[in-house]
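What follows is a single structure, written as structure tokens, with notes after it.
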Amino acid sequence: AQRVTQPEKLLSVFKGAPVELKCNYSYSGSPELFWYVQYSRQRLQLLLRHISRESIKGFTADLNKGETSFHLKKPFAQEEDSAMYYCALSGQVGNFNKFYFGSGTKLNVKP
Amino acid sequence: DTGVSQNPRHKITKRGQNVTFRCDPISEHNRLYWYRQTLGQGPEFLTYFQNEAQLEKSRLLSDRFSAERPKGSFSTLEIQRTEQGDSAMYLCASSLSRPQETQYFGPGTRLLVL
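Protein chains in written order, with this note's numbering: chain E, 1 to 111; chain S, 112 to 225.
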């Protein structure tokens, strides 16, 4: 079965502290991995994707195929990072693409 | 073009009634996706279109659900004989063709079935 697991529903850190949001996946193939973010009262939007190997708003994520993980990291959290974060997977199953989201982690950055 | 739009934003209906939602994607995007999101969960994939062709449907999409994209532009999602379990946020997204392309989401339609 294809699945995306985000084990933490809520993560609270103080401003300036490092943050790591965990994502593990189960997929029998070569998936594309993404992180989406939803700020309060805004729509879901892409934060970053593994194929781009980019850093967005100070966040990075490395795909670890051995551990089937795609954890999101930021060395110094800011209050404006407070939001819901969803890990997502896109993969080919047969002739079609499948898309799976994790259940999300709410990040709360305290002043 | 200000992004993906969805109408209505909110819908309250009685059990057994039919409802229809509309999604207008970003104009140059040929892929359109529908998701359902319930409280405390991430979006669950329902179906997607490449132009007017419906390419994939989730097993979540029961016979009461039907989606169309007749001209390859806007899409509609209809739920017949609504049940209380259909209460959820219905999200639409659009993208260019390749699967690794960014999906741009609409604001969603929140459905409450009484």
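Glycine residues also receive a C-beta, built at the ideal position from the N, C-alpha and C atoms. Quantities reported herein were computed from a predicted structural model and do not represent experimental measurements.
Out of curiosity, what's the CA-to-CA distance linking residue i and residue j?
{"i": "Asp174 of chain S", "j": "Thr149 of chain S", "result": "20 angstroms"}
{"i": "Cys23 of chain E", "j": "Val4 of chain E", "result": "7 angstroms"}
{"i": "Leu172 of chain S", "j": "Thr124 of chain S", "result": "19 angstroms"}
{"i": "Phe99 of chain E", "j": "Val37 of chain E", "result": "16 angstroms"}
{"i": "Phe76 of chain E", "j": "Cys87 of chain E", "result": "20 angstroms"}
{"i": "Val115 of chain S", "j": "Leu143 of chain S", "result": "10 angstroms"}
{"i": "Tyr39 of chain E", "j": "Phe70 of chain E", "result": "21 angstroms"}
{"i": "Gly58 of chain E", "j": "Phe34 of chain E", "result": "16 angstroms"}
{"i": "Gln45 of chain E", "j": "Leu72 of chain E", "result": "15 angstroms"}
{"i": "Asp135 of chain S", "j": "Gly153 of chain S", "result": "22 angstroms"}
{"i": "Tyr146 of chain S", "j": "Phe101 of chain E", "result": "10 angstroms"}
{"i": "Arg180 of chain S", "j": "Val130 of chain S", "result": "16 angstroms"}
{"i": "Asp62 of chain E", "j": "Arg209 of chain S", "result": "21 angstroms"}
Can you list, in chain order, the residues of its chain whose CB lies under 6 angstroms from that of residue i, leaving out five sequence neighbours each side?
{"i": "Thr105 of chain E", "result": "Gln6, Glu8, Leu11, Leu21 and Tyr85"}
{"i": "Glu167 of chain S", "result": "Tyr159"}
{"i": "Gly183 of chain S", "result": "Asn162 and Glu163"}
{"i": "Glu192 of chain S", "result": "The residue asked about is misnamed: residue 192 of chain S is Arg in this sequence, not Glu. So the qualifying residues of the chain are Gly127 and Arg175."}
{"i": "Thr60 of chain E", "result": "Lys73"}
Tell me residue i's beta-bridge partners as DSSP assigns them.
{"i": "Asn141 of chain S", "result": "Paired residues: none, contrary to the question."}
{"i": "Gly91 of chain E", "result": "E:Lys98"}
{"i": "His121 of chain S", "result": "S:Arg221"}
{"i": "Phe156 of chain S", "result": "S:Tyr146"}
{"i": "Arg49 of chain E", "result": "E:Phe34"}
{"i": "Asp81 of chain E", "result": "In DSSP, Asp81 of chain E forms no bridge with anything."}
{"i": "Glu167 of chain S", "result": "S:Tyr159"}
{"i": "Asn129 of chain S", "result": "DSSP, once it has assigned bridges, lists no residue as partnering Asn129 of chain S."}
{"i": "Ser186 of chain S", "result": "S:Cys134"}
{"i": "Val109 of chain E", "result": "E:Val13"}
Take the Cβ of residue i as the centre, count every other Cβ of all protein chains shown within 10 Å, and call the residue buried at 16 or more, exposed below.
{"i": "Phe14 of chain E", "result": "exposed"}
{"i": "Ser138 of chain S", "result": "exposed"}
{"i": "Leu202 of chain S", "result": "buried"}
{"i": "Val19 of chain E", "result": "buried"}
{"i": "Ile51 of chain E", "result": "exposed"}
{"i": "Asp197 of chain S", "result": "buried"}
{"i": "Ser30 of chain E", "result": "exposed"}
{"i": "Asn64 of chain E", "result": "exposed"}
{"i": "Tyr27 of chain E", "result": "buried"}
{"i": "Phe132 of chain S", "result": "buried"}
Suppose the cutoff is 7 angstroms on Cβ atoms and the five residues either side in sequence are ignored; what does the same chain contact list for residue i look like?
{"i": "Glu54 of chain E", "result": "Leu48"}
{"i": "Glu79 of chain E", "result": "Lys15, Val109 and Pro111"}
{"i": "Ser82 of chain E", "result": "Leu107, Asn108 and Val109"}
{"i": "Thr213 of chain S", "result": "Ser206"}
What residues in its chain sit with their C-beta under 8 angstroms from that of residue i, if we drop five residues either side in the sequence?
{"i": "Leu225 of chain S", "result": "Ile123, Thr124, Lys125, Arg126 and Gln195"}
{"i": "Arg120 of chain S", "result": "Pro218, Gly219, Thr220 and Arg221"}
{"i": "His140 of chain S", "result": "Ser205, Ser206, Leu207 and Tyr215"}
{"i": "Thr68 of chain E", "result": "Asn24, Tyr25, Ser26 and Tyr27"}
What whole-angstrom Cβ distance do residue i and residue j have, given they're in contact under 8 angstroms?
{"i": "Leu188 of chain S", "j": "Ser169 of chain S", "result": "Wrong, their Cβ atoms sit about 13 angstroms apart, outside the cutoff."}
{"i": "Gln117 of chain S", "j": "Gly219 of chain S", "result": "6 angstroms"}
{"i": "Glu32 of chain E", "j": "Ser103 of chain E", "result": "No, Glu32 of chain E and Ser103 of chain E are not in contact; Cβ-Cβ is about 19 angstroms, not under 8 angstroms."}
{"i": "Ser186 of chain S", "j": "Ala199 of chain S", "result": "Rounded, the Cβ-Cβ distance is 17 angstroms, inconsistent with contact."}
Just to check, is the beta-carbon of residue i closer than 7 angstroms to a non-hydrogen atom of the ligand PLP?
{"i": "Ser69 of chain E", "result": "Here there are no bound small molecules, and the ligand PLP is not part of this structure."}
Applying a beta-carbon distance threshold of less than 9 angstroms, which residues of chain C neighbour residue i?
{"i": "Arg43 of chain E", "result": "Annotation note: the requested chain C is absent from the structure, which comprises protein chains E and S."}
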